[in-house]
Structure formats: structure tokens, C-alpha cells
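**Student:** One structure, pasted below without further comment.
Below is the structure:
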């Protein structure tokens, strides 16, 4: 449990101890400033790392599958290794975060569509198996046919790996995550594309598709995160302020720099004298920056949600607004989201 | 499963969960906070019957000093948690002196005889009133904790309550932020999630839950939910008639965001004053839309990767 009471304290509407304003124009009442919902017990870095690695592995698996079909052996190899490594590490983080790690297999006890973690486990388990088998075949050179089938299966499951984690966070009472349920899947999709494409750039197989994937993903990541920070109502404040705000600003800087470096390689080659060594370094820097940006985006999203869980204003004020709108007679259902 | 399995009014959640027609009727709590005296007998009885370990305010995230004092008036419990299934909230308020309804108990008065008439406007005078309320798991008709549990550890019981099967729980922690009321939590040093069981082991033997049994003022009432709802309506009407206009029911409405609570309350102020959410909604209501958005985003990923290969075949 690394969650902490927000460093910035907030104004109390009643009962004093008025300090720094955290949420502007928030007049609300609370029970001794206590959070209303229980902040998640999920740990850092376990859960942000699980989100980041799962997404990266998903895109890497899809890249590897298409590389296999189009005869790009280098990209196939690096993609398979990143996919398997990411899947295994991601599972390790997930298990480490459990209160009873030895009972991990209880995740496979039922299949529940109402539980994103159950659905996720049933995506992650076959994905991990398929990408693991493809990577094993790649490294040993054994059973290339089976390796190809496994790699294609992993590639098909890859896109699902990138976005189910967004539902995992959104399907909670945490205001900063729940209110973002329309935007989060696209943030995570973009973040995964940037990191997955970036991993191929680091491996030196970035020319062609991976570079395009990385740049397109980074653009989606930046656009969707911007929407998250501006369009989701009161919780957007948590994405712009505090530690989450700083982490997300750092993520944006890293992603922008990564895109610049990813585009610089081919451009510099075209205008100047070709230098494979310079190109290799630029690509590696681009890939690392995009991966750092992706990981930081996940961490920032996680942190912003934690901030909204700790501060009762994020729970009370929007719910009060909903009730007021309902009493004003617009006939909206309980909990209806205010139009945006 | 039916049309309102995930959201909306649902008369019989046990039947919806698959129990046969012969299952017991749905039971619950009606906590009438207007007669709560803050004795905490419910907290103690619950701890004793369920053999709950000591915890303290620090564990509820409320900080606390070296003596385990929360600095929250008479409340040093802090809140509901993995080892606290009943929590008595204490709220101290300064209110206009006429606001509280006065009941003549033939007790000696603090003022000169005849100086104060019950309910009379005393100008700017204020007085302190205490609100006390014994909080508990709401045993929602649509329980988000149960919906998101990936192991099937959380179940709907034959009594219509929500129960954690501790031999299944693997401590993933998903139920904790899913609960719109902040009830369920992870027990430190154990790793699993715990919450009120409505004394499942007593229900089977025809007994009332320990808290309701211990409550000396019948602030905590246990019984068939339909009966409790009728009783609550009567009590509310009676209080309103006595001039307690601030009295209101919380969690009794089957059209609310969680389909109504199995444990509901009569409150004397807004819910958030007691630490309760004013308009809770089961997160599962929006889950179909979440899956659609995630599917669209996943297809975007697939299309982006695919297009990148189409773009420049070598």
C-alpha cells in the first residue's frame, strides 16, 4: 500500500482546518475529511507495471505475428521475445500484488463477464501460453510450425491485452477511473502501441511498420490523455495536479521527445550522410523514451485515481450535482452522467 | 438472471442468483440513527462473535496518534474495515437552538422554569447536537464487490446477503475500490478481503446478528427486509409529525443506483455527513459500455498495426 494522503490539503466547507484549496469551487460536507470509498490496496510499482507490460506485450505479439507473415525475421524475433517477456513479467507483478499469491490459480476457478479481472485472467493466460511457446520456439529453433501457430494466436489476442486493463480500472467506484471509462481504453491503446512499436525500435528492427505503429500510438496516447485531462468532469482535476499531474507531464514530454527521435532517424538519413550507427542510437533513444512515456502514463493514471479515492470531494460533489439535477426534474436515472 | 440482474429494481436477488423458490426470505438491517446513543455495543458484540482481531484508526487510513486516538471526537474506530464490520460514527454539530425537537421527559431543566418553551425560536442561540450512526455493509441488491470478484469468493447467500468465502479469496483486492460505500477492505497480515457477514453462522441457527442482539435501544433492527421497510416508513412519518423534518431514509429506495440496500438507515442529516455517498451507483451499470469502448480501442490497435504493415510492404 503506497497510497498516501494527498500532499495538498483541501478546504473544508464546514468545521474549519481550512487550508489549501485542492478542488476549486467544491463546497461539500464530509465525515472528518475521511475518504468515502476505500482507496485501492493495489501497490506501486506492481499494478502500473502490470498495466504497462501487458500492453507492450500485446502490441509486440501482434507485430511479431504480422512480421512472421510478411517475412521480417528480425522483427518477428524481437516481437516474440518482448511479448513473452512482457507477459511473464506482467503476470509476476500481478501475482506479487495478491494478498494470497499462492492462491493465484483461483483466478481460473470461474469465468465472470462482470469481473474485468476474471475476463483479463482468461485473456492473459492463453496469451502468456501462446507467446511463451512462440518465444521458446524462436530461441531454440524447435518446432517452427507450432511456434508460428502460437505466435499467430498471441498476435490475435494482443489487442485485447492492451485495453482490458482500462476496464479493470474503470469498473470501480474510484471517481477518477470510473468517470474516465470512455477515454481510458484509448489512452491505454495508444500507450501500448507507442511502447510496443518502441520496443522494436530499441531492438533495432524499427524500420517500416514498427516506427509507424510507434508514432501513431504516441499520437493516440497524447490525444486521448489530453481528452482525459479536460473532458471527464471534476476528476480531470486530479489528472492535472499533484503527483499524478507531474508524472503525466513527464510522460507527455518523454512521448513527444520519443516521437521526435523516431521521426528524426529517417529524416536525418535522407538529408544528410547515412550513418547506421547514428540511426541505431536515435532509434534506441526513441524506443526508450516512448516506453518511459508509456509506463509513466500508466503510473499517472493510477495515481490520479488514487488521489480521487482519498479525497471525498471527488465522490460527494459529482453525486450531489447528480441529485440536484434529478431534483430539478430532468428525469435522469440515478447516477446518470452529466452531459459532456 | 433476468432483465435487472445488473442494475435496477430486483425483488429477489437470491432467486436471481439461482436459489430455488424455497430459499429463505431476504433479511436485512434497518438502522434508526435517531435512537442511537453511541454506546458501541454493536461494535463490541460484532468483534466478539466474529472473533475479529484488533485493528485501529491507523488501519482505516485515518492516521491516529501513538495512543491510537483518531482526533475525531468520540470516534476512535475510524471507519468500517477488514476487522471492523460495525462502525459508530460521531458527528458533533452546532445548530440553531430551535432546530432540535424537544421532548418533555419530566426531567429537571438546565434553564429557569418557563424560560424556554419547547420548539420556540431562541434568536441567535445555538446548541450542540450529536449525530450517532452505526454503519455496516449495505448488502446491496446489486453488489459491485460481488460482481467484480474474479474468483467467485464473494457470493449472494440464500438470505439475500453478500458473503466473502474466505477459503476462496486470493486477496486480489478488486472488491475494495469497487464498493461505492467503502465497506470491504483487505486485512493486513492476512491478505484476504473481509466484511460484514450479517452473522451468516447465526442466521442459519435462527438467531439475529450479534450487533442487533446487543443494541440496547433497538437502533439496529434486524428482520425480513419488506417488514423493515414498512417499519421504517412508519418511523419516518412519526418523526416528521414530531417536527424532526430533517429525518430521511437512506438506502431504502429500490430505484436507487444499487437497487436498494439490504441494510438501510434513518438519518438526521445528509448522508455525506455520516461518511456515506449521497448517490451511490453500482459500477457494473456502466460495464457493458466499458466493454464496448475497450473493444473499439482494441480494434483501433489491431487496425493500426495492420495498416502499418500494409503501408509499406518491402
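Chains as they are written, first to last, in full-length UniProt numbering: chain A, 1 to 340; chain B, 1 to 314. A virtual CB, placed ideally from N, CA and C, is assigned to each residue, including glycine.
(1) Tell me the rounded alpha-carbon separation between residue 236 (chain B) and residue 161 (chain B).
(2) Straight-line CA distance for residue 78 (chain A) to residue 318 (chain A)?
(3) With the cut-off set at 8 Å, would you say residue 217 (chain A) and residue 253 (chain A) are in Cβ contact?
(4) Using C-beta distances below 6 Å, list every residue in its chain close to residue 150 (chain A), excluding the 5 sequence neighbours before and after it, in chain order.
(5) Identify every residue that forms a DSSP beta bridge with residue 319 (chain A).
(6) Please check the pair residue 251 (chain A) and residue 297 (chain A), which I expect to be a contact at CB under 8 Å, by giving their CB distance rounded to whole angstroms.
(7) Is the beta carbon of residue 41 (chain B) sitting closer than 8 Å to the one on residue 263 (chain B)?
(8) May I ask you to list, following chain order, the residues of the stretch 31-57 of chain A that have a beta carbon less than 8 Å from some beta carbon of chain B?
(9) Short check: CB of residue 181 (chain B) to CB of residue 266 (chain B), under 8 Å?
(10) Let me confirm a value: residue 230 (chain B) is counted as buried when at least 16 other C-beta atoms fall within 10 Å, else exposed. Which label applies?
(11) Report yes if the CB atom of residue 284 (chain B) is closer than 8 Å to the CB atom of residue 142 (chain B), and no otherwise.
(12) Between residue 201 (chain A) and chain B, is the shortest Cβ-Cβ distance under 8 Å, so that the two count as touching?
(13) By how many angstroms is the C-alpha of residue 191 (chain B) removed from the C-alpha of residue 80 (chain B)?
(14) Which class does residue 265 (chain A) belong to by DSSP, given the choice of helix, strand or coil?
(15) Using only alpha-carbon positions, find the residue among A:269, A:213, A:197 and A:162 that is nearest to residue 304 (chain B).
(16) Taking a Cβ distance cut-off of 8 Å, strictly less, list which residues of the stretch 167-186 of chain B are near chain A, in chain order.
(17) How many whole angstroms separate the CB atoms of residue 279 (chain B) and residue 322 (chain A), which I take to be in contact at a CB cut-off of 8 Å?
(18) Under 8 Å by Cβ, that's how I've got residue 313 (chain A) and residue 177 (chain B) pegged, so tell me the actual separation to the nearest angstrom.
(19) Using a beta-carbon distance cut-off of less than 8 Å, what residues from the stretch 256-270 of chain B approach chain A?
(20) Excluding five sequence neighbours on each side, which residues of the same chain lie with their C-beta closer than 8 Å to the C-beta of residue 27 (chain B)?
(21) Does DSSP classify residue 113 (chain A) as helix, strand or coil?
(22) Report the three-state DSSP secondary structure of residue 264 (chain B) (helix, strand or coil).
(23) Between the Cα of residue 126 (chain A) and the Cα atoms of A:101, A:35, A:157 and A:63, which residue gives the shortest distance?
(24) For residue 86 (chain B), which three-state DSSP category applies?
(25) Run through DSSP, which three-state label would residue 21 (chain A) get?
(26) If I measure Cβ to Cβ from residue 184 (chain A) and keep anything under 6 Å in the same chain, skipping five residues before and after, which residues do I get?
(27) Are the C-beta of residue 291 (chain B) and some C-beta of chain A separated by less than 8 Å?
(28) Mind checking residue 221 (chain A): buried by the 16 CB within 10 Å criterion, or exposed?
(29) Quick check: is the beta carbon of residue 299 (chain B) nearer than 8 Å to any beta carbon in chain A?
(30) For residue 247 (chain A), I'd like the list of residues in its chain whose CB is within less than 7 Å of its CB, leaving aside the five on either flank, ordered along the chain.
(31) Using the Cβ count rule (16 or more neighbours within 10 Å means buried), how would you classify residue 108 (chain A)?
(32) Please name the residue in A:38, A:52 and A:268 whose C-alpha comes closest to that of residue 44 (chain A).
(33) Nearest chain B C-beta to residue 182 (chain A) closer than 8 Å, yes or no?
(34) Just verifying my parser: in three-state terms, what is the DSSP assignment at residue 126 (chain A)?
(35) What does the alpha-carbon distance come out to for the pair residue 67 (chain A) and residue 76 (chain A)?
(36) Should residue 72 (chain B) be flagged as near chain A, meaning a C-beta pair shorter than 8 Å?
**Tutor:** If we stick to the structure as given:
(1) Sequence index remark: in the second chain, residue 236 (chain B) carries index 236 (1-based). Sequence index remark: in the second chain, residue 161 (chain B) carries index 161 (1-based). One C-alpha to the other measures close to 25 Å.
(2) In the first chain, the residue the question calls residue 78 (chain A) occupies position 78. In the first chain, the residue the question calls residue 318 (chain A) occupies position 318. Going from the Cα of residue 78 (chain A) to the Cα of residue 318 (chain A) covers about 47 Å.
(3) Position 217 of the first chain, counted from the start, is the residue given in the question as residue 217 (chain A). Position 253 of the first chain, counted from the start, is the residue given in the question as residue 253 (chain A). No, Cβ-Cβ distance for residue 217 (chain A) and residue 253 (chain A) is not below 8 Å.
(4) Here the question's residue 150 (chain A) lines up with position 150 in the first chain. Result list for residue 150 (chain A): 130, 133 and 134, in chain order.
(5) Looking up residue 319 (chain A) in the first chain gives position 319. DSSP output for residue 319 (chain A) lists no bridge partner at all.
(6) Sequence index remark: in the first chain, residue 251 (chain A) carries index 251 (1-based). Sequence index remark: in the first chain, residue 297 (chain A) carries index 297 (1-based). That pair is a contact at about 4 Å.
(7) In the second chain, the residue the question calls residue 41 (chain B) occupies position 41. In the second chain, the residue the question calls residue 263 (chain B) occupies position 263. Contact flag unset, no.
(8) 31, 32, 34, 35, 36, 37, 38, 39, 40, 41 and 42
(9) Numbered from 1 along the second chain, position 181 holds the residue referred to as residue 181 (chain B). Numbered from 1 along the second chain, position 266 holds the residue referred to as residue 266 (chain B). No, they are not a contact pair.
(10) Reading the second chain from its first residue, position 230 is the one you call residue 230 (chain B). Classification for residue 230 (chain B): exposed.
(11) Here residue 284 (chain B) corresponds to residue number 284 of the second chain, with the count starting at 1. Here residue 142 (chain B) corresponds to residue number 142 of the second chain, with the count starting at 1. Yes; because the gap between Cβ atoms is below 8 Å, this pair is in contact.
(12) Here the question's residue 201 (chain A) lines up with position 201 in the first chain. Interface residue (Cβ-Cβ distance to chain B less than 8 Å): residue 201 (chain A) is not classified as such.
(13) By one-based count along the second chain, residue 80 (chain B) stands at place 80. By one-based count along the second chain, residue 191 (chain B) stands at place 191. Straight-line Cα distance between these residues: approximately 17 Å.
(14) Walking along the first chain from the start, residue 265 (chain A) turns up at place 265. Here residue 265 (chain A) sits in helix by DSSP.
(15) As a position in the second chain, residue 304 (chain B) is number 304, starting the count at 1. It is A:213 whose Cα lies nearest to the Cα of residue 304 (chain B).
(16) Result list: 168, 169, 170, 171, 172, 173, 174, 176, 177, 178, 179, 180, 181, 182, 183, 184, 185 and 186.
(17) By one-based count along the second chain, residue 279 (chain B) stands at place 279. By one-based count along the first chain, residue 322 (chain A) stands at place 322. With a Cβ gap of about 5 Å, residue 279 (chain B) and residue 322 (chain A) count as contacting.
(18) Numbered from 1 along the first chain, position 313 holds the residue referred to as residue 313 (chain A). Numbered from 1 along the second chain, position 177 holds the residue referred to as residue 177 (chain B). Wrong, their Cβ atoms sit about 17 Å apart, outside the cutoff.
(19) Taking 8 Å as the Cβ-Cβ cut-off against chain A, the residues of the stretch 256-270 of chain B that qualify are 256, 257 and 270.
(20) One-based indexing of the second chain puts residue 27 (chain B) at position 27. The residues are 159, 160, 161, 198, 203, 222, 223, 224, 225 and 262.
(21) Along the first chain, read from residue 1 onward, the residue named residue 113 (chain A) stands at position 113. Residue state, collapsed to three classes: coil.
(22) Position 264 of the second chain holds residue 264 (chain B). Residue state, collapsed to three classes: strand.
(23) Taking the first residue of the first chain as position 1, residue 126 (chain A) is located at position 126. Cα-wise, what sits closest to residue 126 (chain A) is A:157.
(24) Start at 1 with the first residue of the second chain, and residue 86 (chain B) comes out as number 86. Note: residue 86 (chain B) maps to strand in three-state DSSP.
(25) Counting from one through the first chain, the residue named residue 21 (chain A) turns up at place 21. Any reading at residue 21 (chain A) is ruled out, since the residue's pLDDT is 42, under 50, leaving its predicted position unreliable.
(26) Residue mapping note: residue 184 (chain A) aligns to position 184 of the first chain, counting from 1. The residues are 166 and 170.
(27) Numbered from 1 along the second chain, position 291 holds the residue referred to as residue 291 (chain B). Yes, residue 291 (chain B) counts as interfacial toward chain A.
(28) Sequence index remark: in the first chain, residue 221 (chain A) carries index 221 (1-based). The residue is buried, with at least 16 neighbouring Cβ atoms inside 10 Å.
(29) As a first step, residue 299 (chain B) is located in the second chain; it is residue number 299 there, counting from the start. Residue 299 (chain B) counts as touching chain A.
(30) The sequence position of residue 247 (chain A) within the first chain is 247, counting from 1. Hits under 7 Å: 296, 299, 300 and 303.
(31) Indexing the first chain from 1 puts residue 108 (chain A) at position 108. When all chains shown are included, residue 108 (chain A) counts as exposed.
(32) Against the first chain, residue 44 (chain A) aligns to sequence position 44. Here the closest residue by C-alpha is A:52.
(33) On the first chain, residue 182 (chain A) is found 182 positions in, with the first residue counted as 1. It does: the Cβ of residue 182 (chain A) has a partner Cβ on chain B nearer than 8 Å.
(34) In the first chain, residue 126 (chain A) corresponds to position 126, counting from 1. Here residue 126 (chain A) sits in helix by DSSP.
(35) Along the first chain, read from residue 1 onward, the residue named residue 67 (chain A) stands at position 67. Along the first chain, read from residue 1 onward, the residue named residue 76 (chain A) stands at position 76. Taking the straight line from one Cα to the other gives about 5 Å.
(36) For this step, residue 72 (chain B) is matched to residue 72 along the second chain. By this cut-off, residue 72 (chain B) is an interface position.
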